[in-house]
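Protein chains in written order, with the working numbering: chain Z, 1 to 613; chain L, 614 to 1226.
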C-alpha cells in the first residue's frame, strides 16, 4: 500500500449517475502530490477554455493530500478545484474542519463531480458505500440546517459539506461550507455556485479507514517533539484567533478601509480578536490534526443578535464585512458572518461587493429603489445584513452584487468600474498591497485572482523571517527590489501547502524548520526520499500548471495587474500613507525569475525543466 | 475690428447645404483663444457621448487662431478638432503648411463641417464665396492628384486640404493632408475618416484679407529682433529637419524599435536627417510664417524608388515606419512616406499597425493568406509598402489594421492584445516612455490618447531647460519625483500652442523667453493685456475642457494607463536598458496637482477656478 494514500479517486457523474474509482500511479502522485496540485492537473485535462463553469462539463474536484488523515500536524484540510464561474479561469478554495479527513478515511484521496443532476441530490459516502440520494427535503435549507438534517438521517458521526441558498441560486460568490455550525468554508472563486449548478446540495461523509504511514514510529516521534513547540509558537493565535492581528494590521496600513480608500480605522480595537475574546468568547475550535486552535466559537447573550452561537468571524471577515464597510460593531459583523455561513457565501467577496455597493450608493450610482429601501451608508449594520440576504436570493441590487464586483461594475457602468477592486474577477481580500509591496505582485500573479494565501509573503516583510527560503531577516515592506524572487519562492512553498494539504499557519509554528519538517513528515508518511529542493520544485511545477490553465483561458500579462485604486491612489494617512507599489518593475523581474516570457507565458525550457512538456 | 481675428466662424452643413457664419464674442475668444481651445469648446457643446464619429452628427472643425495670418513667427498652423473614430473620444490633429493661413485670409477663424453629403463634394472658399461643389471627378484620387486637379480648376494660387483614398474608405487612421506634394498632415485620431464620412473630398481656399494687428509696429519690431535669433537657435533643424535628432534619440533608448521591444537600432545612422540630407536632399520647406524651416524636400534619383520627389520623412515617420518595423532603408521609408501622404494616412499609426502586424506574423497569429502573400518579416520593405496599400483599400489584413491596433488586436484575439501599443485607442508615437519618464504620464493623460506633442516635456528631461516654467535646469529623465507638476505645466503651455496655433519648435527658438514672447505677440496682435499667468491658466482651462469631453465619454482613471509592454518590460539594452516608469506614483501626484479627484475628474472648485462651471 502506498504510504499516505488510500490510492483512490472517486468519480461521480451526476448526469449519468455513473460512479467510478480511479487510481493514480505513484509517479503522478509524487509529481503533483494531491490537493490543488493534482486537482489542477485533472482540471487542465478534463476541462477546456470553452467549458462553461456552470455547465455540466465543468468538474468539481474535492481533494485531500498525502498527509491528510495521518498524524502530521495541521495537515487535515481539503481543497476544492474547479473552473470558476466568478472569474472564468482556474479556481480553487480550501477549507479546514474535519471533512477532508473524513473523505480520506472513507477511502478517497479525492472526489470528482461531473455532469449535472436533473433534481437536487446529495452524496453519501461511507467507505465503499457511495450513494446519490434525493435532496428535495434539504434543498432550500441553509448549511447549518442541512448539516443537522443529514445527521438526523445518517447519524451524528457524519461530517458534511454543503451549499446554502447562495450556491443553490448560482450566486457567483457562493461558498461550499463544511462542518456545520463551525462555519468552515471553501469560499473563494464561487465554488458553491458550481456545486449548485450540478444540483448537488451536500456531501455527507463517514470514514473508518486509516491512511497508512510507512514510518509511523518516526512520524510519531517528530509529532511528539513538535506538538508543544508549535503550540508555544502560536499562543496568540490560540488565544485570540486570526483576528489577534487586527491592531497590528491596522497600524501598518494593511487593513482595507471604506472600499480601500481609508488609511486609518480608529475603532479597529472594537473588532480585534482581543475584544472578541473578552466580549463574546465561548471556546476554541480545532480543525482535524490541528494543535494551533485559531478557531473560536462565540456566543452573543444580549442585544439585537442575542442567541447567536457559533464560529467567531475571522480576520478576513472582520476586515471585509467590517472595516471595509466602515462597520465596527463586532456583534453585527458576527451576525453577518453567521448569515454568510448559513447561506454559504464567501465573506471576503461579500464584504467586497457590499463595500462596493456602499460606494456606489454614496456616489449616487444606485439608490433606495435598487436596495429595497436599505440605506447603503458606510457603517450601516442593517444594510450589511440586508444585503447579504438580497445577494443570496438575487433580489434587487443583490442580483448584480452576487455576480461579483467586476460584472456588477460593468453593468452599473459609469464610474463604477473605477472602484471595483478585483484581480481577474476575484475580489481583493483583506490585505492592502500599498502596505506590503510583495502583495501587489502576489495579487497580480496569483492563479485564482487576488489572493492573500497564494504567496502569504506579506508576513515576511512584516516582522517574520524565512531563512529556509534565503531570507534570514524580514524584508522592508516598501522595497521593490528583490520582491519578485521573494514572491515566487513563497508561491512555490504555498503551492505545496495547498497540495499536501495543510494549514499555512504551520509556518508560524515550525518557523525556521518549516520546509525541513514538512519534507520529513512527507517522507515518513510516504516512504519517499524527497529533498527540500524537490519539494520546492514540485511547488514551482504546480504554480506553473495553474498558470498554463489560465493561459489557455486567454489570460496573459495584460491581466496580471491591479485595480487603479491600488496602483495610483495613496491614502495619505495611516501606517502606509504614501505607499504605492511599482508593480511593473516587480512583474518584469518575476517573469524572468520564473522563466516565463514577456507575456507571462512559461518558456519551453521552463516547462521542460519542470517536466510539464 | 478685433485684433488677430477676422471674427467669423464658417458653418457648412453638408446634409442641408446650409452655409452660415457665426461670430464669437471677445470674452469667449480670450477664454479659449482659438485652435484646439475654441475647437474643444465647440465640440463639447455640439456633440455628445452618443455621437457616432462617422455619423452625420459628428462635426469636423478646422480652426486657426489669433496669431495665424499675422506677422507672429511660426504661428501659421491650423488645428482639426472632431470626435475621433479611432478612439471614440476627443480627437485633434494639427498641421503646418499654408492652408490655415489661407483659411484665415479668406476671412475665417474657423470652419465647422456638419452633416453628410449624399455624394462626393469639395468646398471652395474664396473670401465671401463659399461653394459646395461636385467632387465626382476627384473622388478616388490621391491627395497630390487632388491638389493638382483643383489647382487646374481654380487656379494655381489656391491651397487645398484633402483626404486620399484612405479617408474616403473610412480607414480609422486616415489623415487630412494639405499643401499638395508638401505632404503636410493633420494626421492623428483618424480625422481623415470623419472627412470621408461626410463625403467631403477637399477644401480649396484662397484668401486676400489680412488679419488686423492692433500694435503692428511693436510686433514688427519684435519679429525683426527675434527672427535671426530663432534661426540661430534652430540651425540643426534647419539643416537636417526633425530627423536630425535620430542618433541622439536612439542613443538615449527613446526610439521605438521592433514594435517597442528593442533597445538598440544599430543602423539608426542610415535613417538620420544627416544621412537624408547627404543622400537625398533637394531643398528646404517653410510653413507659413516660419523662420525655422525644418521641412525638407528630397529627390531619389536611382534605384527602385527613382523619380520620387517630395517631402522628406519626418523623425516620427522614420521612427514608426522605419525603426519600429526594423527598416533602415531610408529610400524605402521615403517611398512609404510618400504613399501615406498620397493615400492620406497617419504615418505614426500606420507604422504602429504595420509593426504590430509584423509581430503578429512572426508569432503566427496571421500568415500569408491574410497578407495577400506578403511576408511580413521585420525589415521587409516590400511588405511595408504593400501593407500601406492594403490598409488604404481595406484589403486582406489591411482591413483590420486600418481599424487601429486596439480593434485589430481585439479581433485577432489571443496574444495580440499583449503587443498592441496604444493609449485610449491611439497608437503610441515615436518616443519611448521608458527612456523619459515624463512621457509615461504625458501619454497616459493626453486628451487624445498616446501623444508626444501634448506635453512635449521629454525634451526638457533630455538636455533642455525651461526656467519660465520653473525648471532652470533639465530634469533627470529616470526620476519620477516632481514629474507630475512638470508634465501638467508643459501640457498647459502646449495647449496654448495648439490654440494660437503655433509650431512647438518655437520653444527651441525662443528658449528662455518663450512664454514672455508669446504673450507679447498675442497682446500686440489682439490689444489685450494678457499676462503669462493668464495665458498659462488659459492653457490649463483648455486641458481641463478636453478632459471633460473624455469624461463624458466614460473615460476615467482606468483609461489613464499605458500598455503593459511599457509598464512591465525592460529592454535590457541601449540607453534606457532598465527603464520602467512608475506611472501610478506620477498619476497620483498629477491628479492632485491638477485639482482632479481620485478618478481623474476635475473637482468642482477646479472648474470654478477655471471658469468652466
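For glycine and all other residues, C-beta sits at the position ideal for the given N, C-alpha and C.
- If you draw a straight line from the Cα of residue 653/L to the Cα of residue 703/L, it is about 8 Å long.
- Against chain L, the CB of residue 585/Z has a partner CB under 8 Å away; the residue lies at that interface.
- Residue-level contact by beta carbon fails for residue 37/Z and chain L, as no gap is shorter than 8 Å.
- Residues 31, 541 of the same chain have their beta carbon placed closer than 8 Å to that of residue 611/Z, with the five preceding and five following residues left out of the count.
- When beta bridges are read from the DSSP output, residue 808/L appears opposite no residue.
- In summary, the residues of the segment 1174-1194 of chain L whose CB is separated from some CB of chain Z by less than 7 Å are 1177, 1180, 1181, 1182, 1183, 1193, in the order they occur in the chain.
- In this structure, residue 1035/L and residue 1063/L form a Cβ contact; the two beta carbons are roughly 6 Å apart against a cut-off of 8 Å.
- Residue 1020/L carries a helical assignment under DSSP once its states are collapsed to helix, strand and coil.
- Under the three-state reduction of DSSP output, residue 1073/L falls in the helix class.
- Within the same chain, Cβ atoms closer than 6 Å to the Cβ of residue 467/Z are found at 512, the five residues on either side in sequence being excluded.
- In terms of CA proximity to residue 783/L, 1015/L leads the group 1015/L, 936/L, 656/L, 728/L.
- Within the model, the alpha-carbon separation for residue 682/L versus residue 819/L is close to 13 Å.
- In the DSSP annotation of this structure, the continuous segment of the beta strand (DSSP E) that includes residue 178/Z starts and ends at 176-178.
- When the alpha-carbon of residue 461/Z is set against those of 434/Z, 73/Z, 446/Z, 158/Z, the nearest one is in 434/Z.
- Across the structure, residue 239/Z and residue 283/Z are spaced so that their CA atoms are roughly 10 Å apart.
- Using a CB distance cut-off of 8 Å, residue 557/Z counts as an interface residue toward chain L.
- In this chain, the alpha helix (DSSP H) harbouring residue 39/Z covers 35-46.
- When rounded, the separation of the alpha-carbon atoms in residue 65/Z and residue 78/Z is 8 Å.
- Neighbours of residue 4/Z across chain L, judged by C-beta separation under 8 Å, do not exist; the nearest C-beta is about 41 Å away.
- Of all residues in the segment 584-609 of chain Z, those with a C-beta nearer than 7 Å to a C-beta of chain L are 584, 585, 587, 588, 598, 599, reading in chain order.
- Counted as a single uninterrupted DSSP element, the alpha helix (DSSP H) harbouring residue 891/L occupies residues 886-893.
- Non-local C-beta neighbours of residue 193/Z in its own chain, meaning closer than 7 Å and more than five positions away in sequence, comprise 54, 85, 167, 170, 171, 172, 174, ordered along the chain.
- Contacts with chain Z (Cβ-Cβ distance below 7 Å) from the segment 983-1016 of chain L involve no residue at all.
- Contact check for residue 801/L against residue 674/L fails: the beta carbons are separated by 8 Å or more.
- Take residue 1078/L, set aside five residues on each side of it, and the residues of its chain with a beta-carbon closer than 7 Å to its own are 1084, 1085, 1086, 1087, in chain order.
- Nearest to residue 624/L by C-alpha distance, out of 642/L, 912/L, 722/L, is 722/L.
- For chain L, the residues of the segment 414-438 of chain Z that bring a beta carbon within less than 9 Å of one of its beta carbons are 414, 415, 417, 418, 419, in chain order.
- At the C-beta level, residue 794/L and residue 908/L stay beyond 8 Å of one another.
- By the neighbour-count criterion, in which a residue is buried when 16 or more other Cβ atoms sit within 10 angstroms of its Cβ, residue 377/Z is exposed.
- DSSP places residue 6/Z outside both helix and strand once states are collapsed to three, so it counts as coil.
- Between residue 140/Z and residue 165/Z, the C-beta spacing is below 8 Å.
- Taking a cut-off of 8 Å for Cβ pairs, the segment 289-306 of chain Z and the segment 339-357 of chain Z do not touch, as fewer than three such pairs fall below it.
- Think of a sphere of 8 Å around the beta carbon of residue 1167/L: the chain Z residues whose beta carbon falls inside it are 413, 414, in chain order.
- Taken in chain order, the complete alpha helix (DSSP H) segments of 4 residues or longer contained in the segment 1070-1151 of chain L are 1096-1113, 1119-1123, 1127-1139.
- Distances from the alpha-carbon of residue 334/Z to those of 319/Z, 313/Z, 431/Z put 313/Z closest.
- Counted as a single uninterrupted DSSP element, the beta strand (DSSP E) harbouring residue 309/Z occupies residues 309-311.
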